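So for the sequence shown, my numbering puts the first residue at 11; every next one is plus one. Ideal placement from N, C-alpha and C gives every residue a C-beta, glycine not left out. Just so we're clear, the structure is a prediction, and the values are computed from it rather than from any experiment. Since the structure comes first, as structure tokens, the remarks are kept for the end.
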Amino acid sequence: VFAVSTYLTVSVVFWYIGLVPDLAIARRIKSGVIQKKLYGIFSLGWTGTYNEWKHYNQLYKFLAALATPLVLSVHSVVSWDFAMGVVYGWHTTIFAPYFVAGAIFSGCAMVITLMVPMRKIFSLEKYITVDDFEKLAKLLMLTGLIVSYAYIVELALAIYSGNVFEYEQFVYRLTGDYAWAYWTMILCNVISPLSLFVTRLRRSLIYLWILSIPINIGMWFERFNIIVISLAKDFDPYNFGIYSPSMIEWGITIGSFGWFFMWFLMFTKTIPVLPVTELKEEVE
């Protein structure tokens, strides 16, 4: 809880501090009295003086430097919640780098999923170039290879550890009741990103957008495999069973998508989708 709450707090503060100059610009161009008042409150009275820019840049760089190691630490701590357990399929040392790479992998895929249509809708072709997408695709390819390596290490540890419970757990993943979920994960997270070795595909926005969707699906199935399959067949045969989600669980899952897109669309409506001040600096 402490790790995740710290990560969330730093991320929100980092995001908000970056918005302050843009909120001040929005305050100047808005005509409504209430809108001007609200943007004035959230821009913290920003006027753009030399001292304000000096302290802003110092704080922004500090938060960026702080957030980078937090990405590693938080996802490592979350992975240890599983790795420290005695459940077979969880108790492995590869989980920390596995979760970190998986977070970057799924994050890049989600950025591509959202950025491609936004670039077209808001006419941002001048600011978000094909080269930017190619860099994202290369990062997606790199983290995809790391995740693939983690899958191989998991299987190797299960085979060569000499632990019959660990071995049977992974045999069950590959051939058991949930084999369809495991092989869907492999297809989406291991096989499909290999196509990014082709330069022409890396620079095709339509292909990148199509590819990002199965990667997001594959990362969801990765969590499904870790949690559901490991618990479906543990030490005691009496506990063996097939997981069947209830209507409440389906509602929570679907509602989480709705919750995310509600806030995402609200933010795109009320705040700049690109940092106006940084774009202005590049032009100057």
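{"query": "Beta-carbon spacing of residue 184, residue 192 below 8 Å", "result": "yes"}
{"query": "Three CB pairs or more closer than 8 Å across the stretch 240-251 and the stretch 90-103", "result": "yes"}
{"query": "Alpha carbon of residue 50 to alpha carbon of residue 57, nearest angstrom", "result": "10 Å"}
{"query": "Beta-carbon proximity check, residue 73 vs residue 23, cutoff 8 Å", "result": "yes"}
{"query": "Completely contained alpha helix (DSSP H) runs for the stretch 25-98, where each covers 4 or more residues", "result": "43-52 and 60-93"}
{"query": "Residue 5, DSSP secondary structure in three states", "result": "Any answer about residue 5 is impossible in this case: the structure gives the chain only from 11 up to 294."}
{"query": "Nearest-angstrom Cα separation, counted from residue 288 out to residue 52", "result": "19 Å"}
{"query": "Segment limits, alpha helix (DSSP H) that includes residue 171", "result": "Counting along the chain, residue 171 falls outside any alpha helix (DSSP H), and DSSP gives it neither H nor E."}
{"query": "Helix, strand or coil at residue 268 according to DSSP, with G and I counted as helix", "result": "helix"}
{"query": "Status (buried if at least 16 other CB within 10 Å, exposed otherwise) for residue 61", "result": "exposed"}
{"query": "Residue nearest to residue 167 in terms of C-alpha spacing, selected from 190, 132 and 103", "result": "103"}
{"query": "Local Cβ density within 10 Å of residue 84, reported as buried at 16 or more and exposed below that", "result": "buried"}
{"query": "Closest Cα partner of residue 246 within the set 175, 282, 261 and 196", "result": "175"}
{"query": "4 or more residues per run - each alpha helix (DSSP H) lying fully within the stretch 196-222", "result": "209-212"}
{"query": "Proximity winner among 33, 105, 66 and 11, relative to residue 236 (alpha-carbon distances)", "result": "105"}
{"query": "Opening and closing residue of the alpha helix (DSSP H) in which residue 116 lies", "result": "105-131"}
{"query": "Burial state of residue 68, where buried means 16 or more other Cβ atoms lie within 10 Å", "result": "exposed"}
{"query": "8 Å CB neighbourhood of residue 39 in its chain, flanking five on each side removed", "result": "none"}
{"query": "Of the listed residues 213, 233 and 154, nearest to residue 126 (C-alpha basis)", "result": "213"}
{"query": "DSSP-derived helix/strand/coil call for residue 138", "result": "coil"}
{"query": "Rounded separation between residue 77 and residue 156 - CA only", "result": "22 Å"}
{"query": "Inter-residue spacing [alpha-carbon to alpha-carbon] between residue 159 and residue 144", "result": "23 Å"}
{"query": "CB of residue 153 within 8 Å of CB of residue 114, strictly", "result": "yes"}
{"query": "Local Cβ density within 10 Å of residue 131, reported as buried at 16 or more and exposed below that", "result": "exposed"}
{"query": "Among 206, 202, 251 and 250, the one whose alpha carbon lies nearest that of residue 227", "result": "202"}
{"query": "Cβ shell of residue 88 (< 8 Å), same chain only, five flanking positions each side left out", "result": "13, 14 and 109"}
{"query": "DSSP three-state assignment for residue 304, whether helix, strand or coil", "result": "This structure cannot settle anything about residue 304, because the visible part of the chain is limited to 11 through 294."}
{"query": "CA nearest to the CA of residue 279, picked from 36, 17 and 11", "result": "36"}
{"query": "Three-state secondary structure (DSSP) of residue 251", "result": "coil"}
{"query": "Local conformation of residue 177 per DSSP, three classes", "result": "helix"}
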